[in-house]
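Chemist: Got a structure for you, written out below as structure tokens; questions coming shortly.
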Amino acid sequence: MAKKPTLRDVSQHAGVSIYTVSRALGGGQDVAASTRERILQVANALGYVPNRAAQELRKNTRSSVTVLTASTSNAYYLDLMKGVQRVLRPTSRTVVVADIAAEGRYTRAVEDATVQQLIQSRTAGVIATLTLSAQNVKLLDDWDIPVVFVDSAPPAEATQVPSLTTDNVAASVRLGRHLAEHRFTSWLFVAYPTLWSTREPREQGLREAAAAAGAELHVLETDNDEASAFDQVRDWFETPGRVPPDVVVAGNNPLLHGTMRYLREKGIRIPQDIALVAFDEFPWAPLLDPPLTVVNEGSEAIGVEAATILSRIIDEQVRAETEGRPPKPKYLPEDRQVASADLIIRASCGC
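Reading the sequence shown from the start, the letters are residues 1 to 351 in UniProt numbering.
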């Protein structure tokens, strides 16, 4: 592996003293904002991690795992964590949750800072529910920290990194065919941004099904949170001259929440006035009035499989360290899996 960048490397590339670099990276207040920004950019480009992290990593007991989420308001993550905890609890490893898209809003700066913190805190491994940058995946690999992606695809450059994804195109086509059986001709898909890698295949499947059924698909993009969904759905429905759709398809739990709140406030009945379906099952979906039709990915089972794969990799690293070998994460071809999703039919679609 190439030599890891040092404080001196950052100093030389930034054109400032080692002392200034140390103060800037340590949060010292006596460094000009422009200088601090330049140093941070150089450190990030070089993949530099402060020496204290390197010192601590030598004592790494590989006892904690981090789950990176993208807005913890999504119930999908609750079931995912159940599965992760079920596997890790007997191993005595702890689980830490880090939200890199709080309230549904993502920034690259937060991702970069979080990855740096994971390295400095000596996390043993990462389960990522959001596609990370290729640079950050490589940085974690440089520090021998394995990553397993769930419900999201790894960056294209990370050809060996494990991933547990769902065939969202097929799942969406199946949902769309069911909507066609109801003879719905106007569908509204309330969708989160394409930053989340599941967005495009879900939209693709719905488009294919709508085209086959002779239906019209409208796509309404919103931030990945309940408040934004409410505002966007309100604006869409209340645009003068717009005809309401036959069915609304909510992209996930937060968007479903915002959509339902608007429909409820306006007295729009489900399914008498508009049918409603959604992606991602959650415990109270069958308790709603009417019970909700959903596409179910089985996130708890995904959590079990992700934690099982990650535990195997970490255990192999521990053995390698014990035997004096480099603890490089060892990935297997079977660590990349694509599962199918279930369509759970309830009354909200009109059945």
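Note that the Cβ used here is the ideal one computed from N, Cα and C, for glycine as well. Here the structure is a predicted model, which means the values were calculated and not measured.
Going by beta-carbon coordinates alone, are Thr94 and Ser64 separated by less than 8 Å?
Modeler: yes
Chemist: Alpha carbon to alpha carbon, what distance is there between Pro333 and Ser348?
Modeler: 40 Å
Chemist: Could you tell me which residues DSSP pairs with Phe189 in its beta bridges?
Modeler: Note: Phe189 sits in a beta bridge opposite Val219, Val249.
Chemist: Going by beta-carbon coordinates alone, are Leu343 and His182 separated by less than 8 Å?
Modeler: no
Chemist: Taking all protein chains shown into account, decide if Gln117 is buried (16 or more other Cβ within 10 angstroms of its Cβ) or exposed.
Modeler: exposed
Chemist: Return the first residue and the last residue of the beta strand (DSSP E) that Ile39 is part of.
Modeler: It is not in any beta strand (DSSP E) - Ile39 instead sits in the alpha helix (DSSP H) that spans 33-46.
Chemist: Can you check which of these residues, Pro286, Ser228, Ala134, is closest to Arg261 by C-alpha distance?
Modeler: Ser228
Chemist: With distances taken Cα to Cα, identify the nearest neighbour of Glu244 among Leu25, Thr20, Gly214, Leu188.
Modeler: Here the sequence assigns Pro to residue 244, which means Glu is not the residue at that position. Looking at the Cα atoms, Leu188 is the closest of the given residues.
Chemist: Residue range of the alpha helix (DSSP H) that Arg319 falls in?
Modeler: 299-322
Chemist: To which residues of the same chain is Ala54 closer than 8 Å at the C-beta, ignoring the five residues directly before and after it?
Modeler: Interpretation of Ala54 is limited by its pLDDT of 47, a score under 50 that renders its predicted location unreliable; the figure taken from the coordinates is listed afterwards. In the same chain as Ala54, and ignoring 5 residues on each side of it, the C-beta atoms closer than 8 Å to its own belong to Lys4, in chain order.
Chemist: Have a look at Leu25, Asp30, Val31, Ala32 and flag the residue whose alpha-carbon is nearest the alpha-carbon of Val42.
Modeler: Leu25
Chemist: Check Ala275 in the structure and name its three-state DSSP category.
Modeler: strand
Chemist: I need the DSSP call for Gln120, collapsed to helix, strand or coil.
Modeler: helix
Chemist: Taking the alpha carbon of Ile302 as the point to measure from, which residue in Thr293, Pro291, Thr322, Asp280 has its own alpha carbon closest?
Modeler: Asp280
Chemist: Pick from Ala213, Gln160, Val150: whose alpha carbon is nearest that of Tyr76?
Modeler: Val150
Chemist: Going straight from the alpha carbon of Ile133 to that of Pro155, what length do you get?
Modeler: Note that residue 133 is Ser in the sequence shown here, rather than Ile. Ser133 and Pro155 have their C-alpha atoms some 6 Å from each other.
Chemist: Return the CA-CA distance between Gly298 and Gly251, expressed in angstroms with no decimal places.
Modeler: 16 Å
Chemist: Less than 8 Å between C-beta atoms, sequence neighbours within five positions excluded: which residues of the same chain meet that for Pro327?
Modeler: Asp144, Gln317, Val318, Ala320, Glu321
Chemist: Is it right to say Ile18 is buried, meaning 16 or more other beta carbons lie within 10 angstroms of its own, or is it exposed?
Modeler: exposed
Chemist: Going by CA-CA distance only, name the one from Pro240, Phe230, Trp236 that's closest to Arg264.
Modeler: Measuring from the Cα of Arg264, the nearest candidate turns out to be Phe230.
Chemist: If you draw a straight line from the alpha carbon of Leu217 to that of Arg8, how long is it in whole angstroms?
Modeler: 56 Å
Chemist: If distances are taken between C-alpha atoms only, which option among Gln12, Ser186, Asn168, Thr123 comes closest to Val248?
Modeler: Ser186
Chemist: How long is the line joining the alpha carbons of Val49 and Ala98, rounded to whole angstroms?
Modeler: 19 Å
Chemist: How is the alpha helix (DSSP H) around Thr20 delimited, first residue to last?
Modeler: 18-25
Chemist: DSSP on Arg207, reduced to helix/strand/coil?
Modeler: helix
Chemist: Tell me which residues share the same chain as Gly83 and place their Cβ nearer than 8 Å to its Cβ, disregarding the 5 neighbours each side in the sequence.
Modeler: So the list reads Ser299, Glu300, Ala301, Ile302, Gly303, Val304, Glu305, Ala306, Ala307, once near-sequence residues are dropped.
Chemist: Identify the continuous alpha helix (DSSP H) that holds Ser11 and give its terminal residues.
Modeler: 7-14
Chemist: Please look up how many angstroms separate the CB atoms of Val87 and Ser311, rounded, as I've assumed it's under 8 Å.
Modeler: Between Val87 and Ser311 a beta carbon distance of about 6 Å is seen, short of the 8 Å cut, so the two are scored as contacting.
Chemist: What does the alpha-carbon distance come out to for the pair Asp246 and Thr131?
Modeler: 33 Å
Chemist: If we ignore side chains and look at the alpha-carbon of each, how far apart do Pro329 and Pro146 end up?
Modeler: If you draw a straight line from the Cα of Pro329 to the Cα of Pro146, it is about 6 Å long.
Chemist: Which residue marks the beginning of the alpha helix (DSSP H) containing Asp142, and which one marks its end?
Modeler: 134-142
Chemist: Considering Cα atoms alone, identify which of Asp223, Asp289, Ile268 is closest to Phe237.
Modeler: Ile268
Chemist: Just reading off the beta strand (DSSP E) that Ser163 is part of, what are its end residues?
Modeler: 163-166
Chemist: Can you tell me where the beta strand (DSSP E) holding Gln160 begins and where it ends?
Modeler: First-last for Gln160: undefined, no H or E at that position.
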